[in-house]
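Using our numbering, you'd call the opening residue of the sequence shown number 429 and step up by one each time. Each residue gets a CB set at the ideal place from its N, CA and C atoms; glycine is no exception.
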Amino acid sequence: MIILQTQNFIHEASLSSLLSTLEKHAYLADETGQTQPESLRALRSSGLLGSIIPTEYGGKGETIWFASKLIEQLATVDPSIAIVVHQHLLVVTSLLNKGSEKQKRTYLPKLSSGEWIAASAWSETGSGAGKQTVGTKNDEGNWVINGVKTFTTGAGLADLYLVLVQTVSSDAGTEAAQHGQTFFLIEKEQVVAVDTQSGLSGMRGSSTRFIEFHRSVLTSDHILGEVGGSVELKIALRESGLTLGAISVGISEAAFRIALDYVERKGLAASQSLQVRLSELHMWIDAARALVDKVAERSSDNLKLSASQSKILASEVSEKVCREVQQIVGGTGYMRGHKIERLYRDARGVSLMGPVNYLAREMVGREIVSEPFRF
């Protein structure tokens with residue numbers, strides 16, 4: 429385990445306590461498809477949700493690298509909670525990048541203390557470039573939001589949602605539709621979480637569901653950034669250094685430990701074939717971690733490119749590692765209740781998230797051909 433420690437604040441004790449609680453309840457969360465209250469309480473009280481929030485807003489003022497390592501460690505015991513924290517920190521990063529001072533003073537102290545958890549809602553079924561969640565102005569000049577968002581991680585447990593809304597007609601053409609989208613900060617009282625996606629194969633404790641908006645009335649104070657400014661915020665998030673790859677690295681690390689424990693317990697450490705297989709797993713994990721760390725340290729010449737690459741590589745490595753570890757463990761690793769069986773399903777989930785890997789590859793390709801290529 430990497431101990432998260434800085435000169436100003438030692439996080440080891442709170443992280444260790446949180447990991448212990450999450451490990452204890454991860455199996456039940458997976459079995460029931462419900463985030464366990466004990467895990468949620470431990471997360472809220474850990475102080476870690478405010479890790480990257482500046483001290484002036486009640487946070488710890490840590491770096492994105494710290495946040496990436498935190499997410500990686502959480503994923504070793506419960507990837508579902510790790511993805512909830514990842515989404516929370518993305519909203520925090522969005523507020524820090526584009527929020528007004530009033531918005532920062534209103535939301536960041538609550539998000540820092542754990543009183544509030546944040547979630548983001550972008551996805552819709554079959555909406556293409558335009559979004560079907562629509563915002564229109566009423567006679568009083570307020571925004572009225574109607575629509576449905578799918579695959580919203582943290583739905584029902586979050587207190588604040590960052591929601592992507594179509595504020596220009598989606599019939600205006602692809603480019604116009606994308607530039608006619610706006611991010612709104614919407615509190616839980618105006619969000620209806622619908623329990624229709626609890627049948628997920630993996631990440632079953634992440635409370636990923638539909639959310640609905642039925643004539644939610646919002647003022648312009650709820651807009652994050654500018655009207656129609658979603659593209660700029662999306663780019664800022666891709667360049668923030670936070671990547672889903674950190675979750676995949678944590679899953680890979682946990683799977684690798686399972687293989688090592690099995691080999692040692694069975695007295696198989698002298699097996700040359702197993703040594704070769706373990707060396708390959710270790711090499712894959714190190715390569716994925718190096719790219720994720722490069723993004724988190726913001727040391728890449730092209731953060732948009734490296735962020736997408738890190739997500740693709742790390743998620744596909746985690747699937748390979750879990751598959752190999754399941755083969756090493758044998759039939760018991762294919763049974764419900766074994767940690768590697770759960771991790772394998774969770775690993776697959778990351779490759780389907782924000783965006784699915786084949787779309788991420790298209791983004792990488794566009795980035796490569798749009799500027800002089802260099803390593």
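Following the DSSP letters along the chain, one finds residue 785 inside the alpha helix (DSSP H) bounded by residues 785-797.
Taken atom to atom, the span from the alpha-carbon of residue 786 to that of residue 473 is near 38 angstroms. Across the set 722, 478 and 546, the C-alpha of 546 shows the shortest separation from the C-alpha of residue 589.
Annotation for residue 642: no alpha helix (DSSP H) segment contains it, though the beta strand (DSSP E) segment containing it runs 637-646. Looking at the DSSP output, residue 573 sits in a beta bridge with 563 and 644. Looking from the CA of residue 507, the closest CA among 746, 793 and 764 belongs to 746.
For residue 464, the three-state secondary structure derived from DSSP is coil. Distance from residue 518 to residue 678 at the Cβ level is roughly 17 angstroms; contact not present, criterion being Cβ atoms closer than 8 angstroms. Between residue 576 and residue 638, the C-beta spacing is below 7 angstroms. Under the three-state reduction of DSSP output, residue 672 falls in the coil class, being neither helix nor strand. Annotation note: the segment 691-727 contains the following uninterrupted alpha helix (DSSP H) runs of length 4 or greater, listed N- to C-terminal: 700-724.
Annotation for residue 792: 733, 736, 737 and 740 place their beta carbon closer than 8 angstroms to its own, counting only its chain and skipping 5 residues before and after. In this structure, the alpha-carbon of residue 487 lies about 19 angstroms from that of residue 444. Residue 663 sits in a helix when the DSSP states are folded into three classes. Taking the Cβ atoms as the reference, residue 618 lies roughly 22 angstroms from residue 634, outside the contact range of under 8 angstroms.
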